[in-house]
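Colleague: So that we are looking at the same thing, I have put the structure below in structure tokens.
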Amino acid sequence: MISVKAASSMRPVVFSIFALLLCAAILQLANGLQFTLVPVRAEAENFGDLAIALLGSGYFAGYLIGCIIGAPLIGRVGHVRVLTAVLAGICAFALLYPLAIGEVFWMLARVGTGVCLAIAIWPLKAG
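If you use our numbering, the sequence shown corresponds to residues 747 to 873, in order.
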């Protein structure tokens, strides 16, 4: 059984882990929402079935690229700067979808989102 003194000394650790887990949960929930809404909007914009399928594939291609380039980038620049930059990139890509409606542009945005999310998850796991 954990004593009251030991439990109170763990409180700051629990709060810091909770903040990290909450950040990761919000990031994953937002990504899941985008993963659902982008194909729905693509269908509304009359993209072809192949183009909509390639939007999902583009995300995973970007995720693979992010996994490859993430570690050297974090090692060279530092996890705080990289995390800040890729989270800003995710926000920028999400805001760009309504500005330029086109299959090629959206494909590039999905690849960019995949790269940024793969790199963003890396420091969150290590935190």
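C-beta: ideal position from N, C-alpha, C; glycine also.
#1: Considering only C-alpha positions, which residue in the set Tyr805, Ile865, Ala817 and Ile820 is nearest to Gln780?
#2: Quick one: give me the first and last residue of the alpha helix (DSSP H) that Ile815 is part of.
#3: Could you give the distance in angstroms between the alpha-carbon of Leu810 and the alpha-carbon of Thr859?
#4: So, at 6 Å on beta carbons, what are the nonlocal neighbours of Cys813 in its own chain, with the 5 sequence-adjacent residues on each side left out?
#5: When the Cα atoms are used, what is the spatial distance from Val826 to Lys871?
#6: Evaluate Ile763 with the Cβ neighbour count: other Cβ atoms within 10 Å of its Cβ, from every protein chain shown; 16 or more gives buried, anything less gives exposed.
#7: So, for Leu800: in the same chain, excluding its five sequence neighbours on each side, which residues have a beta-carbon less than 7 Å away from its beta-carbon?
#8: Please identify the residue among Ala771, Gly848 and Arg856 whose C-alpha is closest to the C-alpha of Gly835.
#9: Skipping 5 residues on each side, what residues in its chain have a beta carbon closer than 6 Å to that of Val861?
#10: Give the secondary structure of Ala834 by DSSP, where H, G and I count as helix, E and B as strand, and everything else as coil.
Modeller: So, from the data block:
#1: To locate residue 780, count along the sequence shown from 1; it is residue 34. The shortest C-alpha separation from Gln780 is found at Tyr805.
#2: As a working mapping, residue 815 is identified with position 69 in the sequence shown. Per DSSP, Ile815 belongs to the alpha helix (DSSP H) from Asp795 to Val823.
#3: Within the sequence shown, numbered from 1, the residue matching residue 810 stands at position 64. Within the sequence shown, numbered from 1, the residue matching residue 859 stands at position 113. In a straight line, the C-alpha of Leu810 is about 11 Å away from that of Thr859.
#4: Translated into the one-based positions of the sequence shown, residue 813 becomes position 67. The answer, listed in chain order, is Ala864.
#5: Here residue 826 corresponds to residue number 80 of the sequence shown, with the count starting at 1. Here residue 871 corresponds to residue number 125 of the sequence shown, with the count starting at 1. Cα to Cα, Val826 sits roughly 13 Å from Lys871.
#6: Start at 1 with the first residue of the sequence shown, and residue 763 comes out as number 17. Per the 10 Å Cβ criterion, exposed.
#7: The count along the sequence shown starts at 1 and reaches residue 800 at position 54. These residues qualify, in order along the chain: Met853.
#8: Residue numbering aside, residue 835 sits at position 89 when the sequence shown is read from its first letter. Per the Cα distances, Arg856.
#9: Within the sequence shown, the letter at position 115 stands for residue 861. So the list reads Gly808, Ile811 and Gly812, once near-sequence residues are dropped.
#10: Translated into positions along the sequence shown, residue 834 becomes position 88. If DSSP states are grouped into helix, strand and coil, Ala834 belongs with the helices.
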